[in-house]
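In our numbering, the protein residues as written are 940 to 1167. C-beta atoms are modelled at their ideal positions from N, C-alpha and C, and glycine is treated no differently. Inspection log for the structure reproduced underneath, given as structure tokens.
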């Protein structure tokens, strides 16, 4: 009696399950299709994204090589190479806006304009790199370069601001922070702001005691305190 009842219950369960599956089979099919489509889409995206990363790296390398060619070219070749470099940099900024090629495009354009003594354009590109890619290893380098361009323009307060961004944001990762602080002190001296200069030099002494710039900072403090 018990076996008969168990078989009957199992049969009823199978019937109910069969009816349930039959009734909702279209839902199951649609859900399964969505899952498959999602997996395919993820796979396609990953493949496309990886290809974009590879193409970005290639574009960045081409930009750097082209800049090197321009930098070493004879005067009669520079105009053509410059035009090509600017065109490819613009394409990189458009096609790889958030990728490494865009970082390199900003950097080579900054270098190109700096070498051409177009310091305003150099600053624009250097600071665009730092603003757009603050976590890039190129960011503090571009800020140091922007500061140098500001100095060429005799915009010393702006140069100090760029050096200060380096010291504030990259003290744990960039090896030239001590130099940035010494540069801040030097520029404050130029602006005849002695107290601010001494403060910057003391930052070097307090935070970078093992740096070769420490002796320079100490010497400048002694000079400033003696002279004043």
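### Query
Does the distance from the C-beta atom of residue 896 to that of residue 1056 stay below 8 Å?
Beyond the ends of the chain as shown, which are 940 and 1167, falls residue 896; an answer cannot be given.
### Query
Terminal residues of the continuous alpha helix (DSSP H) containing residue 1179?
A question about residue 1179 goes unanswered here, because the residues of the chain that appear run from 940 up to 1167.
### Message
Under DSSP, the alpha helix (DSSP H) around residue 1115 begins and ends at which residues?
### Response
Counting along the chain, residue 1115 falls outside any alpha helix (DSSP H), and DSSP gives it neither H nor E.
### Message
Are the CB atoms of residue 1121 and residue 1152 within a distance shorter than 8 Å?
### Response
Yes. Within cutoff.
### Query
Span of the alpha helix (DSSP H) holding residue 1017?
It spans 1014-1034 - the alpha helix (DSSP H) in which residue 1017 sits, taken as one unbroken run.
### Query
When burial is assigned at 16 or more other CB atoms within 10 Å of the CB, is residue 1079 buried or exposed?
Classification of residue 1079: buried, given that the 10 Å Cβ count is 16 or more.
### Candidates 1102, 1125, 1077, of which the one nearest residue 1116 by Cα
Here the closest residue by C-alpha is 1102.
### Query
Going by the beta-carbon positions, is the gap between residue 1054 and residue 1010 smaller than 8 Å?
Against a cut-off of 8 Å, the Cβ pair of residue 1010 and residue 1054 comes out as a contact.
### Task
Would you mind sorting residue 1154 into buried or exposed? The rule is 16 or more other CB atoms within 10 Å of its CB.
Classification for residue 1154: exposed.
### Task
Would you kindly check if the distance between the Cβ of residue 1045 and the Cβ of residue 1091 is under 8 Å?
No, Cβ-Cβ distance for residue 1091 and residue 1045 is not below 8 Å.
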